[in-house]
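Before any comments, here is the structure.
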Amino acid sequence: MKKLLYLLPLSLFFLSSSCGDDEGPVTGTTTNLNITFKAVYDGQPLVFGESLTYTDGTAFNISKLQFFMSNANLISPNEADPNTPLETELSEVKLVDFSSANATAAGATEGVTITYTRIPTGEYNAFKFGLGVIPEYNDDVPADYSSSHPLGAPSNYWEVWESYIFVKLEGRTDTTGNGEFDQSLLYHTGTNALFQEGLNFSKAMTLVEDNEANMTIELDVKEILAPTGGTPINIINDGFSHTNPEIDGQVALSTTVMQNFKNAFTLVD
Amino acid sequence: MTKYLPFLVLYILFGLVACSDDDTPTADPNDLTTIAYTPEAYTVALPAEFPPLEIPTDNPLTKEGVQLGRRLFYDPILSADSTMSCASCHQLEVGFADPLPTSVGIDGIAGTRSGMSLLNIAYSLNGLNWDGKIASLEEQALEPVTNEIELHESWPNVIEKLKRHTDYPSRFRKAFGIENKSEITKELAAKAIAQFERIILTGANSKYDRVLRGEAFFTDEELNGFDMFFDISPELPDAECGHCHNGALLSTNEYFNNGIDNAPTLDDFIDKGRGEITGIPFDNGRFRATTLRNIEFTAPYMHDGRFQTLEEVVDHYNSGGKYAPNLDPLILPLGMTDSQKQDLVAFLKTFSDTSYQENPDLQNPFE
Numbered sequence: 005m006k007k008l009l010y011l012l013p014l015s016l017f018f019l020s021s022s023c024g025d026d027e028g029p030v031t032g033t034t035t036n037l038n039i040t041f042k043a044v045y046d047g048q049p050l051v052f053g054e055s056l057t058y059t060d061g062t063a064f065n066i067s068k069l070q071f072f073m074s075n076a077n078l079i080s081p082n083e084a085d086p087n088t089p090l091e092t093e094l095s096e097v098k099l100v101d102f103s104s105a106n107a108t109a110a111g112a113t114e115g116v117t118i119t120y121t122r123i124p125t126g127e128y129n130a131f132k133f134g135l136g137v138i139p140e141y142n143d144d145v146p147a148d149y150s151s152s153h154p155l156g157a158p159s160n161y162w163e164v165w166e167s168y169i170f171v172k173l174e175g176r177t178d179t180t181g182n183g184e185f186d187q188s189l190l191y192h193t194g195t196n197a198l199f200q201e202g203l204n205f206s207k208a209m210t211l212v213e214d215n216e217a218n219m220t221i222e223l224d225v226k227e228i229l230a231p232t233g234g235t236p237i238n239i240i241n242d243g244f245s246h247t248n249p250e251i252d253g254q255v256a257l258s259t260t261v262m263q264n265f266k267n268a269f270t271l272v273d
Numbered sequence: 008m009t010k011y012l013p014f015l016v017l018y019i020l021f022g023l024v025a026c027s028d029d030d031t032p033t034a035d036p037n038d039l040t041t042i043a044y045t046p047e048a049y050t051v052a053l054p055a056e057f058p059p060l061e062i063p064t065d066n067p068l069t070k071e072g073v074q075l076g077r078r079l080f081y082d083p084i085l086s087a088d089s090t091m092s093c094a095s096c097h098q099l100e101v102g103f104a105d106p107l108p109t110s111v112g113i114d115g116i117a118g119t120r121s122g123m124s125l126l127n128i129a130y131s132l133n134g135l136n137w138d139g140k141i142a143s144l145e146e147q148a149l150e151p152v153t154n155e156i157e158l159h160e161s162w163p164n165v166i167e168k169l170k171r172h173t174d175y176p177s178r179f180r181k182a183f184g185i186e187n188k189s190e191i192t193k194e195l196a197a198k199a200i201a202q203f204e205r206i207i208l209t210g211a212n213s214k215y216d217r218v219l220r221g222e223a224f225f226t227d228e229e230l231n232g233f234d235m236f237f238d239i240s241p242e243l244p245d246a247e248c249g250h251c252h253n254g255a256l257l258s259t260n261e262y263f264n265n266g267i268d269n270a271p272t273l274d275d276f277i278d279k280g281r282g283e284i285t286g287i288p289f290d291n292g293r294f295r296a297t298t299l300r301n302i303e304f305t306a307p308y309m310h311d312g313r314f315q316t317l318e319e320v321v322d323h324y325n326s327g328g329k330y331a332p333n334l335d336p337l338i339l340p341l342g343m344t345d346s347q348k349q350d351l352v353a354f355l356k357t358f359s360d361t362s363y364q365e366n367p368d369l370q371n372p373f374e
């Protein structure tokens with residue numbers, strides 16, 4: 005009897021967790037889609053803590069990189085009305101955090117993979133998302149969510165702006181060239197005004213039943229700091245921003261960071 | 008879902024059959040079935056600003072479970088020489104923390120770490136201990152008993168003592184429905200302790216919470232401290248505290264190097280902390296940013312209890328910390344004046360709320 009009593013709650017637990025996977029009524033055939041994000045610096049896998057050389061020769065390291073991804077959707081052609089393509093929702097809000105992956109060289113090469121299950125099969129021609137937390141959810145606070153929800157971590161919320169922290173990029177800079185990373189490097193951005201819509205990655209894909217599909221997107225930190233064809237951020241003098249509207253220049257700096265961040269993604273596969 | 012249905016039916020069926028077996032009266036002295044098993048749900052009144060409690064489905068809070076856990080927590084029966092209990096190092100009066108810098112076990116041997124506050128421990132869902140070595144309260148409760156520098160006892164001994172006890176077997180029956188003393192296990196003991204720990208909640212009555220609810224006002228000093236803690240005012244230095252200690256629990260429960268040790272390279276930390284657990288050198292010297300609730304009473308501070316006062320803690324942060332390649336970028340010279348440092352300390356004291364000490368369910372049941 006005792007044994008069975010234990011198994012009962014266990015089976016109920018399994019029941020509820022398997023139910024959680026069923027995100028709405030999908031009729032017809034489906035398959036899984038893996039979207040992998042790889043953080044790189046100048047095309048090379050980014051390993052947290054390793055010394056990097058900036059465009060001006062300054063040595064620095066990165067210790068944290070993460071971003072919120074909103075309204076991740078797959079796009080498919082709409083024959084009836086070619087001007088309004090069809091969108092299939094993958095997720096509303098996800099946090100892509102490179103903390104564990106990029107702590108080691110092996111992990112950095114592998115990247116962070118999000119697996120979407122039960123995606124309807126068929127033709128798709130693009131993947132798109134918004135960078136940050138959509139205003140609809142940005143009015144919420146972490147206490148509204150459970151700890152496992154991407155919006156549930158107080159560390160990703162900044163009370164002063166009443167906003168989630170859309171992206172975090174952190175590290176340390178060696179300002180004197182003596183091998184000591186003596187200065188903080190930190191960009192935290194947020195607030196509805198900085199939300200970046202419409203990151204769009206064209207990829208023709210035919211999803212076939214039970215045939216996992218893959219997509220790989222690179223995020224190049226060099227493009228965030230020193231975008232190709234743009235002005236590099238001075239990581240020594242402008243190396244710190246909480247997007248504090250009260251402090252001169254922080255909002256402008258964070259706006260630059262967000263725009264660069266948006267353009268730092270490339271579909272590689 | 009449908010996959011499990013047949014099993015479910017099967018369990019219930021077996022359950023019924025098994026129950027009818029139990030009807031036969033028995034003279035087994037270890038039999039507990041004459042004691043009623045009617046557990047009642049334990050409900051906690053959470054402060055409105057707290058996130059929902061996350062309780063494992065296989066260990067729901069019951070009145071009987073909490074009371075059993077409370078007894079085990081306060082009972083030296085868990086130690087080899089009956090001199091210490093969990094409560095020896097986690098004392099009610101000091102936020103269920105240890106007033107000693109590093110905790111001392113039954114053999115008088117001190118460890119290297121400071122006993123941690125258990126306030127709002129139900130919300131520590133990102134690993135327990137300073138380094139996050141242990142995942143759940145159920146797992147954690149097993150550890151101090153056998154730890155040589157803590158209770159230094161063996162679980163089989165503890166179980167024997169519990170079985171022979173005049174009170175515990177019936178409490179295990181009432182909490183978990185066991186039918187025989189032989190079914191008392193360390194896992195059930197740990198579950199009960201975990202239930203008790205989950206009701207150690209505080210928050211609603213601190214000045215900080217009352218101000219946020221509009222029921223009280225900060226003094227000018229406290230308000231300055233608040234502004235610095237959360238980087239609010241351009242006229243005052245940003246103290247950056249709120250990045251690592253925030254939310255309802257004033258704790259992100261994440262792992263950082265907050266600069267208390269100098270380490271020219273990542274191999275130079277005396278206590279590797281998080282790195283010991285993950286094996287990742289960049290995690291060396293990182294520890295969990297714990298709750299600041301009732302921080303006024305949980306001295307000494309940091310994982311090794313190195314700072315005696317909040318003034319010392321604030322001096323440390325104001326200095327920008329000691330160098331390590333992974334020193335967190337939020338640890339940097341803050342430029343607070345002496346009076347601003349005092350303002351920050353005044354603000355930290357608004358996190359105090361000792362009203363939990365009046366909760367009879369948290370008090371020592373043997374006094």
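Chains as they are written, first to last, in the working numbering: chain A, 5 to 273; chain B, 8 to 374.
Yeah, the Cβ is synthetic: ideal placement off N, Cα and C, and Gly gets one too.
Small disclaimer: the values here were computed from a predicted structure and weren't measured.
- At a C-beta separation below 8 Å, alanine 147 (chain A) has these neighbours in chain B: Glu56, Phe57, Pro58, Gly254, Ala255.
- A residue is called buried once 16 or more other Cβ atoms fall within 10 Å of its Cβ, and isoleucine 185 (chain B) is buried on that count.
- Taking the Cα positions, glycine 280 (chain B) is about 6 Å away from phenylalanine 294 (chain B).
- Proline 59 (chain B) is classed as exposed because its beta carbon has fewer than 16 other beta carbons within 10 Å across all chains shown.
- Taken atom to atom, the span from the alpha-carbon of cysteine 248 (chain B) to that of glycine 32 (chain A) is near 52 Å.
- Contact annotation: glycine 134 (chain A) and phenylalanine 199 (chain A) have beta-carbon atoms nearer than 8 Å.
- Within the region 87 to 136 of chain A, complete beta strand (DSSP E) segments of at least 3 residues are found at 90 to 101, 116 to 124, 126 to 135, given in chain order.
- For the region 227 to 256 of chain B, residues whose beta-carbon sits nearer than 8 Å to a beta-carbon of chain A comprise Phe237, Asp238, Ile239, Ser240, Pro241, Asp245, Gly249, His250, Cys251, Asn253, Gly254, Ala255, Leu256.
- Straight through space, the alpha carbons of histidine 310 (chain B) and asparagine 291 (chain B) are spaced by roughly 14 Å.
- For a cut-off of 8 Å, the C-beta gap from asparagine 218 (chain A) to asparagine 38 (chain A) is around 5 Å, short enough to register as a contact.
- Annotated three-state conformation of lysine 140 (chain B) is coil, per DSSP.
- Taking a beta-carbon distance threshold of 8 Å, glycine 156 (chain A) counts as an interface residue toward chain B.
- Listed in chain order, the alpha helix (DSSP H) elements of length 4 or more contained wholly in the region 255 to 301 of chain B are 281 to 285.
- Close to arginine 122 (chain A), with beta-carbon spacing below 7 Å, lies no residue of chain B; the smallest spacing is near 14 Å.
- Taking the CA atoms as reference points, aspartate 238 (chain B) sits about 15 Å from tyrosine 191 (chain A).
- Contact between valine 320 (chain B) and tyrosine 308 (chain B) holds, with the beta-carbon distance rounding to 5 Å and staying under 8 Å.
- For tyrosine 49 (chain B), not one C-beta of chain A is nearer than 8 Å to its own C-beta.
- It is roughly 17 Å from the alpha-carbon of serine 188 (chain A) to the alpha-carbon of valine 171 (chain A).
- Contact holds between the region 254 to 273 of chain B and the region 333 to 341 of chain B, because three or more Cβ pairs, one in each stretch, are under 8 Å apart.
- Of all residues in the region 328 to 362 of chain B, those with a C-beta nearer than 8 Å to a C-beta of chain A are Tyr330, Pro332, Asn333, Leu334, Asp335, Pro336, Leu337, Ile338, Leu339, reading in chain order.
- Residue A:Thr195 holds the alpha-carbon nearest to the alpha-carbon of alanine 256 (chain A) among A:Gly53, A:Gly183, A:Thr195.
- Nearest neighbour of glutamate 47 (chain B) by Cα position, chosen from B:Phe80, B:Lys70, B:Asp65, B:Asn164, turns out to be B:Lys70.
- Proximity of chain A to leucine 132 (chain B) at the Cβ level (cut-off 7 Å) is accounted for by Ser151, in chain order.
- Contact between asparagine 142 (chain A) and tyrosine 168 (chain A) holds: their C-beta atoms lie close to 6 Å from each other, under 8 Å.
- In terms of Cα proximity to glutamate 163 (chain A), the closest of A:Asn264, A:Lys42, A:Ala147, A:Met209 is A:Ala147.
- Residue pairing for aspartate 38 (chain B): DSSP places it in a beta bridge opposite B:Asn187.
- In the DSSP assignment, valine 44 (chain A) forms a beta bridge with A:Pro49, A:Asp224.
- For glutamine 70 (chain A), the secondary structure class from DSSP, reduced to helix, strand or coil, is strand.
- Residues of chain A with a Cβ closer than 8 Å to the Cβ of threonine 173 (chain B) do not exist, since the nearest Cβ in that chain sits about 23 Å away.
- Listed as beta-bridge partners of isoleucine 169 (chain A) by DSSP are A:Gly194.
- Rounded to whole angstroms, isoleucine 128 (chain B) and tryptophan 165 (chain A) show a C-alpha spacing of 28 Å.
- In the three-state DSSP reduction, lysine 198 (chain B) falls in the helix class (H, G or I).
- Taking a beta-carbon distance threshold of 8 Å, threonine 40 (chain A) does not count as an interface residue toward chain B.
- Considering only A:Glu96, A:Gly136, A:Asp186, A:Pro154, the residue with the shortest C-alpha distance to methionine 262 (chain A) is A:Gly136.
- Under a 10 Å Cβ-count criterion, glutamate 283 (chain B) is classified as exposed, with fewer than 16 other Cβ atoms of the shown protein chains found around its own Cβ.
- At a beta-carbon threshold of 8 Å, the residues of chain A lying near threonine 259 (chain B) are Ala157, Pro158, Ser159, ordered along the chain.
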